[in-house]
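Enquirer: Take any residue in the sequence shown, note its place counting from 1, add 1, and you have its number in the working numbering. Each residue gets a CB set at the ideal place from its N, CA and C atoms; glycine is no exception. Predicted model, so just to flag it, every value in this text is computed and none were measured. Quick one: the structure is below, and I'll ask about it shortly.
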Amino acid sequence: DGLGLDFPNLPYYIDGDVKLSQSLSIIRHLGRKHGLYGQTEEEQCRQDMAEQQHVDLKMAMIRAVYFQFVCALRDLP
Numbered sequence: 002d003g004l005g006l007d008f009p010n011l012p013y014y015i016d017g018d019v020k021l022s023q024s025l026s027i028i029r030h031l032g033r034k035h036g037l038y039g040q041t042e043e044e045q046c047r048q049d050m051a052e053q054q055h056v057d058l059k060m061a062m063i064r065a066v067y068f069q070f071v072c073a074l075r076d077l078p
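Written as structure tokens, this is what we have:
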């Protein structure tokens with residue numbers, strides 16, 4: 002049944018009746034729950050930008066590591 006998740010995949014987080022998958026949804030939920038989410042529109046926009054910067058950096062690192070690995074495999078006899 003996918004644990005009752007709308008989009009069952011990893012990571013997932015279950016907090017009582019709240020069932021989430023997708024990293025950013027989980028991070029946003031935890032931020033709001035624990036009072037760490039921006040209170041003003043400006044604070045929320047800055048958080049959104051920082052969040053997206055993190056995603057961009059993570060994807061750049063994944064691409065760099067993955068393509069180095071693939072190129073190294075091509076050089077094997």
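May I have the straight-line CA-CA distance separating Gly17 from Gly5, to the nearest angstrom?
Expert: Locating residue 17 in the sequence shown gives position 16, where the first residue counts as 1. Locating residue 5 in the sequence shown gives position 4, where the first residue counts as 1. Near 12 Å, if we compare the C-alpha coordinates of Gly5 and Gly17.
Enquirer: Quick one: residues in its chain with C-beta nearer than 6 Å to the C-beta of Gly39, no 5 flanking neighbours on either side, listed in chain order?
Expert: The residue labelled residue 39 in the question sits at position 38 within the sequence shown. Answer for Gly39: Gln45, Gln48, listed in chain order.
Enquirer: If Ile27 sits next to Pro12, beta carbons under 8 Å apart, how far is it from one beta carbon to the other, in whole angstroms?
Expert: Numbered from its first residue, the sequence shown carries residue 27 at position 26. Numbered from its first residue, the sequence shown carries residue 12 at position 11. With a Cβ gap of about 7 Å, Ile27 and Pro12 count as contacting.
Enquirer: What residues in its chain sit with their C-beta under 7 Å from that of Gln23, if we drop five residues either side in the sequence?
Expert: Reading the sequence shown from its first residue, position 22 is the one you call residue 23. Counting only Cβ-Cβ distances below 7 Å, and skipping sequence neighbours, we find Phe8.
Enquirer: Helix, strand or coil: which one does DSSP assign to Tyr13?
Expert: In the sequence shown, counting from the first residue as 1, residue 13 sits at position 12. Correct three-state label for Tyr13: strand.
Enquirer: Going by the DSSP bridge assignment, what does Ser22 pair with across the sheet?
Expert: Position 21 of the sequence shown, counted from the start, is the residue given in the question as residue 22. Paired residues: Tyr13.
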